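Worksheet: the structure to be examined is printed underneath.
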Amino acid sequence: MRNKAFWTVLAGFCLFIYACKKEDDIQKTVSEFLGFQQPANFPEPVYKLSNNPVNEAGFLLGRTLFYEPRLSRDNTISCGSCHIQSSGFTQHGHDVSHGIDDKLGSRNSPPIMNLAWNKTFFWDGGVFDLDLQPINPITNPVEMDEKMESVISKLKQLPKYNELFKKAFGTEEINGIRIFKALSQFMVMCVSANSKYDKVTRNEGESFTAEEQAGYTIFKSRCSSCHAEPLFTDGSFRNNGIGAGPNNDEGRYAVTLNPDDRYKFKVPSLRNLSYTAPYMHDGRFLTINAVLDHYANEVKVSPTLDPLLNTGNKPGVALSDDDKIKLLSFLKTLDDPDFVSRKDLSEQ
Amino acid sequence: MKLSLQHIAIGCALIFSLQSCSKKDDNKPQTSKKATLSVEFDNIAGDRNLQLGTGTYTNSSGEQLTIQTLKYFISNIKVTNAEGVEYVVPQDSSYFLVDESKPETQECKVQVPEADYKSLTFTIGVDSLRNTMDISKRTGVLDPSGSMDDGMYWGWNSGYIFFKMEGTSPQAPVDPTGANKFRYHIGGFGGYSAPTINNIKTVTLDLSKAGVARVRAGRESNIHLMVDALKMFSGPSTISIAANPQVMFSAFSVNVANNFAGMFRHDHTEN
Chain V
1 MRNKAFWTVL AGFCLFIYAC KKEDDIQKTV SEFLGFQQPA NFPEPVYKLS
51 NNPVNEAGFL LGRTLFYEPR LSRDNTISCG SCHIQSSGFT QHGHDVSHGI
101 DDKLGSRNSP PIMNLAWNKT FFWDGGVFDL DLQPINPITN PVEMDEKMES
151 VISKLKQLPK YNELFKKAFG TEEINGIRIF KALSQFMVMC VSANSKYDKV
201 TRNEGESFTA EEQAGYTIFK SRCSSCHAEP LFTDGSFRNN GIGAGPNNDE
251 GRYAVTLNPD DRYKFKVPSL RNLSYTAPYM HDGRFLTINA VLDHYANEVK
301 VSPTLDPLLN TGNKPGVALS DDDKIKLLSF LKTLDDPDFV SRKDLSEQ
Chain U
1 MKLSLQHIAI GCALIFSLQS CSKKDDNKPQ TSKKATLSVE FDNIAGDRNL
51 QLGTGTYTNS SGEQLTIQTL KYFISNIKVT NAEGVEYVVP QDSSYFLVDE
101 SKPETQECKV QVPEADYKSL TFTIGVDSLR NTMDISKRTG VLDPSGSMDD
151 GMYWGWNSGY IFFKMEGTSP QAPVDPTGAN KFRYHIGGFG GYSAPTINNI
201 KTVTLDLSKA GVARVRAGRE SNIHLMVDAL KMFSGPSTIS IAANPQVMFS
251 AFSVNVANNF AGMFRHDHTE N
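Just so you know, the sequences run in chain order V and U. According to full-length UniProt numbering, the residues represented by the first sequence are 1 to 348, in order. According to full-length UniProt numbering, the residues represented by the second sequence are 1 to 271, in order.
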């Protein structure tokens with residue numbers, strides 16, 4: 001008797017598993033959500049995806065939150081206001097960020113791009129986990145100036161969020177941790193890896209022109225020790241000799257209090273430069289030409305200037321006008337038009 | 001073929017019985033009973049009871065001050081019994097945010113095995129491990145989204161503020177709001193990817209002189225500590241409001257943190 005019951009239960013259980021699996025297959029054919037994908041030419045991500053596995057519902061919730069102006073005190077500013085997709089997820093035309101009540105921040109909005117490979121966040125690396133990042137803009141008085149408690153209570157009043165949170169996390173509960181985890185799921189999906197450079201590197205049938213190839217050679221000898229491939233940053237903090245701005249932002253020093261870190265900033269990626277002007281932590285250069293002029297002629301010597309920029313008899317990087325043209329055309333191959341227009345990353 | 005309730009019940013029973021079999025093998029049962037130990041943080045100012053916003057006190061530099069905010073994290077509680085055996089409270093139930101404006105936060109309750117305890121150890125602040133843990137393991141007082149509103153978290157430089165004291169003093173310069181305010185926000189867990197200041201402080205108090213804690217099930221032993229806010233201004237270093245009215249994330253903050261241990265004194269134990 002006992003034995004028979006056992007086999008009955010087992011058979012039932014197998015059937016149950018089979019049924020679940022079948023449903024899974026159906027779901028897969030219905031939706032095309034592929035989850036987080038590591039591009040073939042990229043290293044392993046730094047973000048701990050095992051602590052926050054990306055699923056479709058979490059990504060969709062994260063996207064809705066990213067474009068949700070209720071995250072700001074007066075419901076006017078969303079993350080997407082300062083991180084605009086068509087501008088490579090930066091704030092086009094603003095040297096420093098422009099937030100609530102037209103208040104200005106002190107730094108240029110960096111792109112939401114390939115963040116799963118970032119070791120630290122912010123120009124000074126003060127934040128070490130993407131999940132901890134959104135607290136800053138939400139509560140910063142010159143950005144969104146809101147309290148997490150009221151964000152949560154505003155979201156609770158909208159039935160769509162009960163639904164979205166339930167789909168993403170299993171219950172309707174809305175809390176800060178879930179908001180941050182969902183935003184991270186959206187942000188790690190903002191992967192830019194479809195530029196011409198990527199297609200050439202992955203042997204997908206494209207090749208560089210002679211000028212681009214010459215630019216690539218110059219790039220590898222003079223830029224890539226900091227702007228390392230394939231992310232075009234090594235994630236380190238360095239002083240590239242642009243000199244202190246009027247507000248004397250000391251960069252990394254504020255975080256480590258180590259005098260050797262004065263005026264060092266995180267090396268930014270060089271992907272999508274065509275969409276992300278202006279450049280540098282305070283947006284001081286309006287064009288890539290101005291940036292190249294800086295490296296060629298205007299590098300300022302100071303105690304923390306990176307030694308790589310002070311090797312010859314003149315500080316900076318030796319670049320002839322011809323070199324600059326070639327370099328510029330190589331940098332253009334890092335543009336990823338698909339990334340700045342993909343519908344799945346846009347406000348719906 | 002359908003699953004009936006009966007089948008499920010039998011299935012569950014089977015799983016349970018299997019599990020209890022395997023359990024018997026791996027662990028000897030714990031004989032000691034656990035009971036509640038409470039540690040009370042009674043904030044004072046010199047020889048007076050601390051009154052937020054109204055009391056006026058004088059620090060070791062002769063400066064007059066009124067305290068408006070006093071909050072600090074207490075974590076990683078350990079006790080040592082008469083035989084010298086140490087008991088470490090499981091970390092997940094060992095984080096407290098003591099806030100002078102919220103009396104219910106001043107009694108920190110933990111579960112420890114029955115024993116007579118002669119010494120108490122705790123951390124002022126939040127250990128570096130918790131500072132860097134995945135956000136889903138930081139709930140309650142450690143939820144950065146909650147504590148941020150309470151102002152005990154630095155978002156721009158990820159990490160908890162361990163200790164916060166704010167108030168007014170005629171010796172403090174006038175700030176943009178027109179008040180003579182001093183602000184001490186002390187944190188710094190040593191840095192994540194690059195080393196920086198570490199202001200995590202551990203305090204060990206001998207309980208044998210003013211009364212060991214006799215922890216027994218059915219009653220609550222309460223270790224009553226006096227926490228003298230004015231001692232933040234004196235000790236290994238003298239902190240003057242006139243000279244350092246605002247101390248936050250800076251090299252100088254180490255001097256303030258070095259005075260923390262001297263603030264905590266065991267007054268008595270209620271058994």
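Note that CB positions come from ideal geometry on N, CA and C, so glycine has one too. Note that the structure is predicted; figures quoted are calculated from it, not measured.
- In the three-state scheme derived from DSSP, where H, G and I count as helix and E and B as strand, U/I239 is classed as coil.
- According to the DSSP assignment, U/G167 belongs to the beta strand (DSSP E) that extends over G159 to T168.
- Beta-carbon to beta-carbon, U/Q111 and U/F41 are separated by about 18 Å, too far to satisfy the 8 Å threshold.
- V/S81 sits in a helix when the DSSP states are folded into three classes.
- If you look at U/Y87, you'll find it in the beta strand (DSSP E) that goes E86 to V88.
- Put simply, the backbone Cα of U/A82 is about 27 Å away from that of U/I200.
- Shown here, V/A296 sits in a helix according to DSSP, grouped into three states.
- In this structure, U/G178 keeps its C-beta atom at 7 Å or more from the C-beta atom of U/H268.
- Excluding sequence positions up to five before and after V/S346, its CB lies within less than 7 Å of the CB of Q85, all in the same chain and listed in chain order.
- By the rule that beta-carbons nearer than 7 Å mark a contact, V/F180 touches chain U.
- For V/T256, the residues of chain U that pass the 7 Å Cβ criterion are G191, A194 and T196, in the order they occur in the chain.
- The Cβ-Cβ distance between U/E166 and U/Q68 falls below 7 Å.
- With a beta-carbon spacing of about 11 Å, V/L158 and V/L65 fall beyond the 8 Å limit used to define contacts.
- Bounds of the alpha helix (DSSP H) holding V/F169 are P159 to F169.
- When DSSP reads this structure, U/V247 sits in a beta bridge with U/Y184.
- For the stretch 171 to 190 of chain U, the beta-carbon criterion of a distance under 8 Å to any beta-carbon of chain V is satisfied by none of its residues.
- Counting along the chain, V/I179 sits inside the alpha helix (DSSP H) bounded by residues G176 to V188.
- Collapsing the DSSP output to three states places U/D134 in coil.
- Residue burial annotation: V/Q348 is exposed, with fewer than 16 other C-beta atoms found within 10 angstroms of its C-beta.
- Measuring C-alpha to C-alpha distances from U/A261 to each of U/S38, U/Y57, U/Q64 and U/T121 identifies U/T121 as the nearest.
- Neighbours of U/T132 in chain V, taken as residues at a C-beta separation under 9 Å, are given in chain order as F128 and D129.
- By the criterion of a C-beta distance shorter than 7 Å, V/E172 is surrounded in its chain by N162, F165 and K166, once the five residues flanking it on both sides are discounted.
- Counting only Cβ-Cβ distances below 7 Å, V/N136 has contacts in chain U at G155 and W156, in chain order.
- Spatial neighbours of U/R265 in its own chain (CB-CB distance under 6 Å, excluding positions within 5 residues in sequence) are listed in chain order as M226.
- Relative to V/E298, the option among V/I288, V/P315 and V/G88 whose CA is nearest is V/P315.
- If you look at U/A115, you'll find it in the beta strand (DSSP E) that goes A115 to I124.
- Listed along chain U, the residues sitting closer than 8 Å to V/N51 by beta-carbon distance are D134 and S136.
- In the structure shown, the three-state DSSP call for U/N222 is strand.
- The beta carbon of V/L132 falls within 7 Å of a beta carbon belonging to chain U, placing the residue at that interface.
- Per DSSP, the unbroken beta strand (DSSP E) holding U/A45 starts and ends at K34 to A45.
- V/S329 and V/I152 have their C-alpha atoms some 47 Å from each other.
- Sequence-distant Cβ neighbours of U/N198 in its own chain, meaning closer than 7 Å and more than five residues away, are G188, F189 and G190.
- With respect to U/E114, U/K164 sits apart: the two C-beta atoms are not nearer than 7 Å.
- A contact is defined here as three or more CB-CB pairs under 8 Å, and the stretch 298 to 313 of chain V meets this definition with respect to the stretch 250 to 266 of chain V.
- Listed in chain order, the non-local C-beta contacts of V/G245 below 8 Å within the same chain comprise D282 and R284, local neighbours out to five positions each way being set aside.
- Ranked by how close their Cα comes to the Cα of U/L97, the residues U/L207, U/S158 and U/T139 have U/T139 in first place.
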